[in-house]
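With mature numbering (1 follows the signal peptide of the UniProt record, and there is no 0) applied, the sequence shown corresponds to residues -29 to -1, 1 to 506, in that order.
The structure under discussion appears below in the form of structure tokens.
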Amino acid sequence: MPMPGSSSVRLAHLLVPTLCCAILLCADASVHDYAGERFAGLGNAFVLNGGSEGVYASPAADSFIRFQKVAFKRTPESAAAAEKDGNRTVTITAVVFEAADRGAVGGSDVVAAGARALCCTPDMAKRGACTEGSLVYRAPNSAVAAGWPKVLAASFLPGALEAVFPDETVAVARTGMYSLRFVHCDASLDVAAEGKTIWKNSRGYGYLPGRMAPLLAFYGVMSLAFVALAAFWFLRYARFWREVVPLQNFVTVVIALGMVEVTTWYLDLAEFSESGVRPAGTTFWAATSGAVRRTVSRVLVLLVAKGYGVVRPTLGGGASAGARVAGLGAAFFAASEALEVSEHVGAVSDHDHAPTRRLFLVLTVAALDAVFICWIFSALSRTISKLKARRMAAKVETYRRLATSLTIAVAVSLGWIAFEVHFKSTDGYQSERWRVAWVIPAVWQLISFALLCAVCLVWAPSHDSARLACSDEGGDGGDGDDGDDVEDGARPLMLRTGPLSYVENWACYVTQDAKIILRTDSGVYAKAGEEDKRV
């Protein structure tokens, strides 16, 4: 029969070459495709967001934003409206600016809904500040921002249905968060965009957006960390495979899911960095594996907290208890999957352009997480009380360690949530702070990994893993005390004829209530009775 560790060895042999190949893909822009996007009203202008990314510059000046076949097509009705208005020329303006200089785009006048005027108003034109109906911008006061913002224009000639931007490259010589906006000031213009812009960081960062770039190295390190954790776990698993209990098999599944998640994220970012196009398939599987791993981890901790497999062989409460656990797990997976897919699949900008949808999904996941946490700690409290009543000291200590690890993880998570809310509510991706924004998702991964390591240390396979197994002979392990409490992991004593020379270490003693306890390397055995007090 093959050893349980053999499959893990084969898995490691497959993962290591995969990681090595992925590292080779990390060569030196993300591609922003426009396929029929339309403008939205903003103040007195109509704006189309062309992308927002953190860009790392270098002395070699190899960072850029390149326009490639960017064009706008208007409807025949829009062309006819312009013709009735004297065949006037309609212009669409592209403006590229750094976040710190965003005040240089737009005028000082305030229009509808308190927004600043992006298009020149009649009052501003009378003051000679601009030409009515054109985009308002000015040079920043900073000397280092000379020549910015960069402005390009494309015009619809009389009767023409298409306006084309020149294929121009905007060199970026200063590290910062850059945004591209397409703006027009004609309310009768119905227009759609096509083409693409290519954003490239300096050599060494590739085509990844600036906020995502450090995550490539982070997930590479996390992949190696999971390989190390898996090696530790599977070595213990292979050594004590005869003593493995079902709960340790579940931990093995969580480790495998975590390894798949971080490796898939690494491959996703590596391909994005190489090609500039984010692979939707890889991103989807990375998001899905993360949602599955988080769901399985929470369900596993809840089962352990309820004493499943340790205090009692079933969940108790009949089929309804299992249905409640499965229902909560399914709801959490659905919400987590929706959040991960909407946030990552196809995302190439450093800014979130659907904050309302994301907020709804975040609150849903947070509420389900809160239900899990309350249920876990409530179940832990009842299980520890039951173990104390049955004088199962070893299991009580194991559960106390688990409760301590969970308490620390929850406390750190709450603190990190408070920091994340503060970070994002105070304009976290503007100015220089976008450079450290990658730390937000990274710390969540570290908290999860640290808790998994703690569980692996507490529940690692060993020669006395049987102490974790359910020793309750009274059915589902209800709240009642069956009066047959014996040493943790004890099994009915099966006396063998002949010496115990085949046992490396053994000890035998009699408890006060006349129970015979035999400890060996293979487990703990017990026999009740008055006549047999010696083995």
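Where is the CB? At the ideal position from N, CA and C, for every residue including glycine.
To which residues does DSSP link residue i through a beta bridge?
{"i": "Asp94", "result": "BP columns for Asp94 are empty, so no partner."}
{"i": "Lys167", "result": "Asp4, Gln39"}
{"i": "Lys55", "result": "Answer is none; Lys55 lacks a bridge partner."}
{"i": "Leu228", "result": "Its beta-bridge partners do not exist; DSSP assigns none."}
{"i": "Val233", "result": "Answer is none; Val233 lacks a bridge partner."}
{"i": "Tyr178", "result": "DSSP output for Tyr178 lists no bridge partner at all."}
{"i": "Val162", "result": "Arg45"}
{"i": "Ser126", "result": "Thr62"}
{"i": "Leu106", "result": "Cys90"}
{"i": "Glu69", "result": "Tyr149"}
{"i": "Lys121", "result": "Val67"}
{"i": "Val76", "result": "Tyr108"}
For residue i, tell me which candidate among the options has the shortest Cα-Cα distance.
{"i": "Phe68", "options": "Ser105, Glu54, Arg145", "result": "Arg145"}
{"i": "Tyr178", "options": "Gly386, Gly14, Ser246, Phe304", "result": "Ser246"}
{"i": "Gly278", "options": "Arg249, Ala42, Phe343, Thr354", "result": "Thr354"}
{"i": "Ser307", "options": "Thr327, Ala294, Ala276, Leu339", "result": "Leu339"}
{"i": "residue 507", "options": "Ala262, Asn220, Val162", "result": "Look at the range of the chain in this structure, -29 to 506, and you will see that residue 507 is not part of it."}
{"i": "Val267", "options": "Leu423, Phe43, Phe243", "result": "Leu423"}
{"i": "Phe10", "options": "Thr375, Arg265, Ala65", "result": "Ala65"}
{"i": "Phe303", "options": "Val263, Phe331, Val316, Glu133", "result": "Val263"}
{"i": "Ala134", "options": "Ser29, Val296, Ser49, Trp415", "result": "Ser49"}
{"i": "Val233", "options": "Ala28, Ala301, Trp256, Trp212", "result": "Trp256"}
{"i": "Gly386", "options": "His434, Trp415, Arg372, Ser349", "result": "Trp415"}
{"i": "Thr223", "options": "Cys427, Cys345, Glu165", "result": "Cys427"}
{"i": "Leu89", "options": "Gly74, Val296, Tyr5, Gly21", "result": "Gly74"}
{"i": "Ile347", "options": "Gly261, Ala276, Val429, Gly147", "result": "Ala276"}
{"i": "Gly191", "options": "Gly147, Leu160, Ala241", "result": "Ala241"}
{"i": "Val408", "options": "Gly99, Leu186, Gln39, Leu123", "result": "Checking the sequence, you will find Ala at residue 408 rather than Val. Closest option to Ala408, Cα to Cα, is Leu186."}
{"i": "Arg152", "options": "Leu132, Val107, Gly181, Pro180", "result": "Val107"}
{"i": "Ala110", "options": "Ala350, Arg328, Pro120, Gly99", "result": "Pro120"}
{"i": "Ala164", "options": "Tyr208, Gly104, Glu103, Ala42", "result": "Ala42"}
{"i": "Ser1", "options": "Phe38, Ala365, Gln219", "result": "Phe38"}
{"i": "Gly104", "options": "Lys55, Ala158, Asp138, Val143", "result": "Ala158"}
{"i": "Ile344", "options": "Arg207, Val248, Ala251, Val381", "result": "Val381"}
If I follow the unbroken alpha helix (DSSP H) through residue i, where does it start and stop?
{"i": "Arg371", "result": "364 to 396"}
{"i": "Ala196", "result": "184 to 210"}
Buried or exposed for residue i, going by 16 or more other Cβ atoms inside 10 Å?
{"i": "Glu368", "result": "exposed"}
{"i": "Phe390", "result": "exposed"}
{"i": "Ala53", "result": "buried"}
{"i": "Gly78", "result": "buried"}
{"i": "Ala258", "result": "buried"}
{"i": "Ile63", "result": "buried"}
{"i": "Leu274", "result": "buried"}
{"i": "Pro47", "result": "exposed"}
{"i": "His155", "result": "buried"}
{"i": "Asp94", "result": "exposed"}
{"i": "His3", "result": "buried"}
{"i": "Arg213", "result": "exposed"}
{"i": "Gly451", "result": "Reliability of the predicted coordinates at Gly451 is poor, the pLDDT of 39 falling under 50, and no value is obtained from them."}
{"i": "Ala188", "result": "exposed"}
{"i": "Val26", "result": "buried"}
{"i": "Met363", "result": "buried"}
{"i": "His393", "result": "exposed"}
{"i": "Ala294", "result": "exposed"}
{"i": "Lys357", "result": "buried"}
{"i": "Arg505", "result": "Unreliable positioning characterises Arg505 in this predicted model, as indicated by a pLDDT of 39, which lies under 50. The coordinate reading is nonetheless provided below. So Arg505 ends up on the exposed side."}
{"i": "Gly229", "result": "buried"}
{"i": "Cys(-4)", "result": "Because Cys(-4) carries a pLDDT of 35, less than 50, the predicted location of this residue cannot be relied on, and the following value inherits that uncertainty. Cys(-4) is buried by the Cβ-count criterion."}
Quick one: give me the first and last residue of the beta strand (DSSP E) that residue i is part of.
{"i": "Asn20", "result": "16 to 26"}
{"i": "Gly252", "result": "Gly252 -> not in any beta strand (DSSP E); alpha helix (DSSP H) instead, spanning 251 to 276."}
{"i": "Val248", "result": "Unbroken run through Val248: none, as it is neither H nor E."}
{"i": "Ala142", "result": "140 to 142"}
{"i": "Leu423", "result": "From DSSP, Leu423 is part of no beta strand (DSSP E) but of the alpha helix (DSSP H) over 410 to 429."}
{"i": "Arg147", "result": "Checking the sequence, you will find Gly at residue 147 rather than Arg. Gly147 -> beta strand (DSSP E) spans 147 to 155."}
{"i": "Gly12", "result": "11 to 13"}
{"i": "Ala134", "result": "133 to 135"}
I'd like to know if residue i contacts chain C, where contact means its C-beta is closer than 8 Å to some C-beta of that chain.
{"i": "Ser307", "result": "The question asks about chain C, but that chain is absent: this structure has only one protein chain."}
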